[in-house]
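A.B. asks:
Chains as they are written, first to last, in the working numbering: chain A, 129 to 719; chain B, 362 to 938.
1) In chain A, what lies closer than 9 Å to residue 549 of chain B by C-beta?
2) With distances taken Cα to Cα, identify the nearest neighbour of residue 474 of chain A among A:657, A:603 and A:400.
3) Would you say residue 706 of chain A reaches chain B, if we count a Cβ-Cβ gap shorter than 9 Å as a contact?
4) Does the beta carbon of residue 378 of chain B sit closer than 9 Å to a beta carbon anywhere in chain A?
5) Exposed or buried, what is residue 388 of chain A when buried is set at 16 or more other beta-carbons lying within 10 Å of its beta-carbon?
6) Mind checking if residue 364 of chain A is an interface residue toward chain B, Cβ cutoff 9 Å exclusive?
7) On the three-pair Cβ rule with 8 Å, is the segment 582-590 of chain B touching the segment 768-777 of chain B?
8) Under the assumption that residue 420 of chain B contacts residue 462 of chain B (Cβ atoms under 8 Å), give the Cβ distance between them as a whole number of angstroms.
9) How many angstroms separate the CA atom of residue 630 of chain A from the CA atom of residue 683 of chain A?
10) May I ask you to list, following chain order, the residues of the segment 394-412 of chain A that have a beta carbon less than 7 Å from some beta carbon of chain B?
11) By the criterion of Cβ-Cβ separation under 7 Å, what are the contact partners of residue 651 of chain B in chain A?
12) In three-state DSSP terms, what is residue 598 of chain A?
13) Taking the continuous beta strand (DSSP E) assigned at residue 774 of chain B, which residues delimit it?
14) Taking its Cβ as the centre, do 16 or more other Cβ atoms sit within 10 Å of residue 413 of chain A, making it buried, or is it exposed?
15) Using only the alpha-carbon positions, how far apart do residue 351 of chain A and residue 383 of chain A sit?
16) What residues from chain A crowd round residue 624 of chain B, counting only those whose CB sits closer than 7 Å?
17) Spatial neighbours of residue 480 of chain A within its chain, please: C-beta separation below 7 Å, excluding the five flanking residues on both sides.
18) Should residue 727 of chain B be flagged as near chain A, meaning a C-beta pair shorter than 9 Å?
19) In whole angstroms, give me the CA-to-CA distance for residue 413 of chain B and residue 508 of chain B.
20) Would you say residue 600 of chain B and residue 557 of chain B are within 9 Å of each other, going by their C-beta atoms?
21) What is the residue span of the alpha helix (DSSP H) that residue 696 of chain B lies within?
22) Let me know if residue 403 of chain B comes out buried or exposed under the rule of 16 or more other beta-carbons within 10 Å of its beta-carbon.
23) Compile a chain-ordered list of the residues in the segment 649-667 of chain A whose CB is closer than 8 Å to at least one CB of chain B.
24) What does residue 629 of chain B reach in chain A if we use C-beta pairs closer than 8 Å?
25) Could you have a look at residue 264 of chain A and say whether DSSP puts it in helix, strand or coil?
26) Considering just the uninterrupted stretch of the beta strand (DSSP E) at residue 486 of chain A, what are its terminal residues?
27) Reducing DSSP to helix, strand and coil, say where residue 348 of chain A ends up.
28) Between the beta-carbon of residue 590 of chain B and the beta-carbon of residue 611 of chain B, is there less than 9 Å?
29) Jot down the residue ranges of each uninterrupted beta strand (DSSP E) in the segment 394-459 of chain A, minimum 3 residues, whole runs only, in chain order.
30) Under a Cβ-count criterion, where at least 16 other Cβ atoms within 10 Å of its own Cβ denotes burial, should residue 932 of chain B be classed as buried or exposed?
31) Just the Cα atoms here: how many angstroms apart are residue 504 of chain B and residue 809 of chain B?
32) Indicate whether residue 762 of chain A and residue 275 of chain A have their beta-carbon atoms separated by less than 9 Å.
33) Going along the segment 747-760 of chain B in order, which residues come within less than 9 Å of chain A, judged by CB to CB distance?
34) Closest to residue 742 of chain B by C-alpha separation, out of B:668, B:793, B:453 and B:728, would be which residue?
35) Using 9 Å as the limit for Cβ to Cβ distance, is residue 374 of chain A near chain B?
36) At what residues does the beta strand (DSSP E) containing residue 912 of chain B begin and finish?
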């Protein structure tokens with residue numbers, strides 16, 4: 129029942145440290161002066177101004193999907209031409225994890241590029257004839273504002289009050305900027321019971337002590353702050369909140385931090401989910417998120433596939449994800465990509481497993497490492513072993529008997545190296561601090577500044593947007609494309625005809641993914657024979673469900689028996705359509 | 362004092378009524394419902410949405426100190442989601458008391474669920490002040506009633522052509538066959554009698570024949586026997602010309618597959634809508650329940666089958682032994698009070714379901730919850746039927762005088778030509794006839810009142826003050842839970858749902874030095890609370906159990922000791938301070 133003194137919410141330099149930070153840490157709100165963790169990023173007001181400007185184009189329709197608890201609008205931009213909602217669509221969602229406003233910046237710039245291209249390049253407008261683009265650049269605008277308020281704290285949470293420590297007091301113990309530098313960083317506290325030590329090669333970086341190497345922990349790590357409510361715990365109930373990308377119903381992290389009271393509990397998540405359901409023409413969902421699935425591809429799993437609740441990519445969808453990955457590989461390589469976090473309740477997972485659409489997830493930016501550095505670091509064996517460093521060590525050790533490479537702190541050190549190379553002041557050097565709640569301990573405050581390892585300097589936006597745009601155009605070109613490839617008419621005598629239509633999918637993608645067929649959320653492809661007066665069906669039904677059709681020329685056919693009265697013009701129309709696929713029609717003359 | 366005044370006013374009203382009608386004597390009061398209620402009501406009939414809403418308003422108006430009627434918001438069809446809160450406001454507001462939740466007819470065709478909920482509210486209000494057991498419950502506890510969880514479809518069931526099983530869904534359009542058209546092909550009332558019955562067509566090669574004794578009943582021909590009929594399903598035709606009949610009616614989604622615990626989408630759990638609480642009606646209810654952590658017990662009413670059901674609804678969740686013991690103890694009383702009802706665990710005894718209401722109430726909120734499947738065919742002849750179909754027909758023939766069915770008769774079908782329609786009326790099969798309804802209401806109410814009475818109730822049993830060396834005093838309080846249900850279900854403790862109970866000590870000049878708590882009076886397993894010893898956090902007070910809190914203080918008292926429990930109420934000694 130009682131918890132050990134000050135044990136909670138420790139953070140350490142592992143791959144997961146930033147995620148821990150992102151989930152637990154919230155900014156103490158202060159009246160919004162124009163400040164920013166990095167220059168050149170847009171706060172909500174600036175974002176709305178950009179949206180207003182963009183919405184002047186005839187290729188853009190702007191809609192509000194709702195208003196957050198903090199009173200901010202969730203903006204959706206519908207980009208295309210003509211009847212946009214009646215064309216197959218790609219939904220792009222940026223900023224699902226507001227710790228990376230770069231994702232929002234890139235999403236908005238994708239919208240801008242689409243519009244600019246259509247306005248200046250007539251040949252590009254053919255894309256709009258076939259495809260619509262829905263862009264929700266900033267689905268969690270409350271969380272995004274932490275980037276623009278001192279003291280800066282990484283947060284992925286909205287403003288819903290949550291009693292994190294279940295003590296009937298709400299949001300009563302968040303972090304504080306104790307050293308007044310404007311950044312919520314970390315505290316390292318000398319403590320024989322701690323399990324952290326400074327990295328032998330760089331004492332700024334903290335790593336977990338390894339008893340097998342004869343190391344002994346000397347430090348405990350905390351987020352910068354005090355025990356505001358006198359319960360013996362530091363920063364255990366910060367303001368807020370619910371994390372947008374942990375609030376969706378697939379693999380929902382019940383009772384975990386940031387998950388919220390239940391699935392789709394928030395205005396933000398409900399707005400996006402309902403928008404998706406209300407737009408049956410959406411064929412692809414592209415999320416900008418840390419849990420990439422194109423460089424670190426989702427993998428099919430034979431055992432998981434047999435289970436009723438699907439949790440792994442279906443094997444027959446894998447080749448199409450390979451095609452998406454191939455297209456993405458042309459604009460990005462995975463060097464330096466931080467290991468994708470294990471997602472739970474994420475939008476991208478929901479979009480594939482429940483919404484039943486092609487779901488792409490990529491991270492807009494990460495600290496790049498040089499290719500040769502990376503290949504040296506990665507033994508071929510350990511490349512895809514995702515988990516913690518202990519497991520890596522064990523597995524590669526078993527295989528080649530060489531001492532496992534010590535990768536503790538590697539990500540932090542490459543971050544520091546990149547800061548130095550780019551002249552970013554991204555690290556606060558450890559400085560002693562006289563902590564009111566830890567009077568008998570030696571306390572230092574310091575560590576990585578929030579956000580700066582996750583977001584690039586603003587001058588990178590344009591080149592990032594251009595790469596993403598190239599990929600988007602390729603994705604749009606992969607969508608299914610139905611046509612009526614052939615019509616056969618056979619007179620059977622006495623005015624009776626057999627009419628057969630062959631429908632073909634010329635697109636790369638099938639008309640529906642395997643998961644989509646299972647999830648049953650999208651409309652079926654319909655085929656209908658339109659009969660003028662004087663022509664009647666002998667048997668069967670004018671309208672039928674047809675398909676789904678495989679990609680690359682997949683076909684299906686439908687036949688009808690009709691009777692033509694003497695003296696009528698023997699002319700019929702056949703049409704095939706579904707919102708997600710589009711439509712095709714052909715006129716048939718019986719002769 | 363308050364009660365005297367209330368009884369006085371009841372007496373006065375009764376007197377006025379009696380005088381006006383010229384009689385001089387009070388009416389004879391039977392056991393059970395009062396003969397002279399303030400809000401007159403009839404319990405051998407069903408109330409549609411408008412009538413039920415009027416009755417709720419009438420109850421609230423007749424009992425202003427005991428009842429508060431509020432709307433949680435509007436349903437999809439624009440009807441109010443009525444919630445009636447019942448407690449004696451003179452003994453404190455509802456939020457400070459352990460509360461019991463009762464809802465009915467989330468599956469709108471299961472209409473008697475509403476009536477049981479209405480009856481329970483009415484009985485509590487009318488019997489408060491007349492009978493001690495009810496008075497105590499209404500004084501010490503709160504009750505929240507949502508008698509109509511699906512008001513749109515309740516009206517649809519009663520006023521539109523339906524079967525006894527429709528509509529289970531709400532009225533939101535859903536494209537069941539995913540052809541881009543919505544609700545375009547539901548059943549059709551071919552003969553215009555307000556009933557959706559069955560269709561049959563004579564066919565010398567059919568495999569169905571008429572039952573020799575009950576001409577309404579269709580039975581299968583023996584393997585070596587010729588049949589006479591084809592059965593063609595529910596009354597209806599192919600409205601949209603796609604070759605299918607009745608394939609996309611109103612709905613379909615199942616509002617009891619919409620709750621957040623163990624929710625799964627439609628491909629796993631048929632009936633799931635978009636995501637948990639994607640139905641506005643449920644979301645409004647969910648918000649109220651989340652906003653009232655004092656709710657400690659819950660009951661939902663469905664039909665039919667004669668079942669007292671508990672979770673888990675799915676084997677993905679399991680209840681621990683201590684929690685199961687609580688459920689079993691309450692249900693053991695229930696099966697006595699509800700003859701012919703069986704007590705079952707949904708997942709293992711009935712079927713597996715994802716996203717059911719009681720899984721959310723218990724699995725995510727720690728509220729002990731039952732779902733009763735009202736009505737059983739054992740009620741017909743007070744024993745199990747040897748042949749269910751024949752027994753139903755027999756009851757119809759002799760007790761309902763044949764009122765329960767539409768006799769087979771010929772109609773013109775637009776696609777099938779001359780066919781016959783006939784069969785059970787919607788009022789028959791899942792709903793008790795008028796003369797069995799009131800009994801169903803009372804027995805089920807009695808079960809929920811037992812459950813409600815067993816919600817946790819904290820008290821300070823004793824306070825022992827022992828002076829120690831110097832100025833030090835040892836104050837030991839025995840804090841008890843007087844009821845069967847613990848202040849925190851085991852699942853609540855494991856999932857960290859409800860904040861702990863808090864015991865405090867105060868008094869002029871009292872300074873708390875240290876605090877201990879123990880599960881037994883000798884403090885052999887005592888645990889020290891290092892921080893904030895003046896507010897001792899107690900994880901749980903077990904059912905019929907005690908927790909002992911010991912403070913070492915400076916200051917001679919008098920001491921005020923207080924216990925606050927979110928689900929178990931509050932208590933203080935001295936009680937007046």
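Cβ atoms here follow ideal geometry from the backbone N, Cα and C, with glycine treated the same way.
C.D. replies: Looking at the coordinates:
1) Here residue 549 of chain B refers to the residue found at position 188 of the second chain. Ordered by position in chain A, no residue passes the 9 Å Cβ test against residue 549 of chain B, which lies about 18 Å from the chain.
2) The sequence position of residue 474 of chain A within the first chain is 346, counting from 1. The shortest Cα separation from residue 474 of chain A among A:657, A:603 and A:400 belongs to A:400.
3) Your numbering for residue 706 of chain A matches position 578 in the first chain. By this cut-off, residue 706 of chain A is an interface position.
4) Indexing the second chain from 1 puts residue 378 of chain B at position 17. With a pLDDT of 48 at residue 378 of chain B, under the threshold of 50, the predicted position of this residue should be treated as unreliable, though the coordinate-derived value follows. Judged by the 9 Å Cβ criterion, residue 378 of chain B is not in contact with chain A.
5) Counted from its first residue, the first chain places residue 388 of chain A at position 260. It counts as buried.
6) Start at 1 with the first residue of the first chain, and residue 364 of chain A comes out as number 236. Answer no: the Cβ-Cβ gap between residue 364 of chain A and chain B never drops below 9 Å.
7) Verdict: no, contact absent.
8) As a first step, residue 420 of chain B must be located in the second chain, where it is residue number 59. As a first step, residue 462 of chain B must be located in the second chain, where it is residue number 101. That belief does not hold up - the Cβ atoms of residue 420 of chain B and residue 462 of chain B are roughly 18 Å apart, past 8 Å.
9) Taking the first chain and counting its residues from 1, one reaches residue 630 of chain A at position 502. Taking the first chain and counting its residues from 1, one reaches residue 683 of chain A at position 555. About 7 Å.
10) 401 and 405
11) As a first step, residue 651 of chain B is located in the second chain; it is residue number 290 there, counting from the start. Those are 389, listed as they occur along chain A.
12) Position 470 of the first chain, counted from the first residue, corresponds to residue 598 of chain A. Three-state DSSP puts residue 598 of chain A in a helix.
13) Taking the second chain and counting its residues from 1, the one referred to as residue 774 of chain B is at position 413. In the DSSP assignment, residue 774 of chain B falls within the beta strand (DSSP E) that extends over 766-774.
14) Locating residue 413 of chain A in the first chain gives position 285, counting from the first residue. Residue 413 of chain A comes out buried.
15) The count along the first chain starts at 1 and reaches residue 351 of chain A at position 223. The count along the first chain starts at 1 and reaches residue 383 of chain A at position 255. The alpha-carbon atoms of residue 351 of chain A and residue 383 of chain A are separated by roughly 22 Å.
16) Residue numbering aside, residue 624 of chain B sits at position 263 when the second chain is read from its first letter. The answer, in chain order, is 377 and 391.
17) Looking up residue 480 of chain A in the first chain gives position 352. These residues qualify, in order along the chain: 487 and 643.
18) Counting from 1 along the second chain, the entry for residue 727 of chain B is found at position 366. No, because no Cβ of chain A sits closer than 9 Å to the Cβ of residue 727 of chain B.
19) For the purposes of this step, residue 413 of chain B is taken as residue 52 along the second chain, with counting starting at 1. For the purposes of this step, residue 508 of chain B is taken as residue 147 along the second chain, with counting starting at 1. About 8 Å.
20) Locating residue 600 of chain B in the second chain gives position 239, counting from the first residue. Locating residue 557 of chain B in the second chain gives position 196, counting from the first residue. No, the Cβ-Cβ distance between residue 600 of chain B and residue 557 of chain B is not below 9 Å.
21) Reading the second chain from its first residue, position 335 is the one you call residue 696 of chain B. 682-698 is the extent of the alpha helix (DSSP H) around residue 696 of chain B.
22) Start at 1 with the first residue of the second chain, and residue 403 of chain B comes out as number 42. That one is exposed.
23) 649, 650, 651, 652 and 654
24) In the second chain, counting from the first residue as 1, residue 629 of chain B sits at position 268. Result: 436 and 437.
25) The residue you call residue 264 of chain A lines up with position 136 of the first chain. Here residue 264 of chain A sits in strand by DSSP.
26) Translated into the one-based positions of the first chain, residue 486 of chain A becomes position 358. Residue 486 of chain A: member of the beta strand (DSSP E) spanning 486-490, first to last residue.
27) Against the first chain, residue 348 of chain A aligns to sequence position 220. For residue 348 of chain A, the secondary structure class from DSSP, reduced to helix, strand or coil, is strand.
28) By one-based count along the second chain, residue 590 of chain B stands at place 229. By one-based count along the second chain, residue 611 of chain B stands at place 250. No, these two residues do not count as a Cβ contact at 9 Å.
29) 410-416
30) As a working note, residue 932 of chain B is residue 571 in the second chain. Flag for residue 932 of chain B reads buried.
31) Reading the second chain from its first residue, position 143 is the one you call residue 504 of chain B. Reading the second chain from its first residue, position 448 is the one you call residue 809 of chain B. Answer to the nearest angstrom: the Cα atoms are 11 Å apart.
32) Here chain A comprises residues numbered 129 to 719, so residue 762 of chain A is not present and cannot be evaluated.
33) Interface annotation for the segment 747-760 of chain B against chain A: empty, criterion Cβ-Cβ distance under 9 Å.
34) As a working note, residue 742 of chain B is residue 381 in the second chain. Nearest C-alpha to residue 742 of chain B: B:793.
35) Looking up residue 374 of chain A in the first chain gives position 246. No, residue 374 of chain A does not count as interfacial toward chain B.
36) Looking up residue 912 of chain B in the second chain gives position 551. Run containing residue 912 of chain B: 907-915, per the beta strand (DSSP E) assignment.
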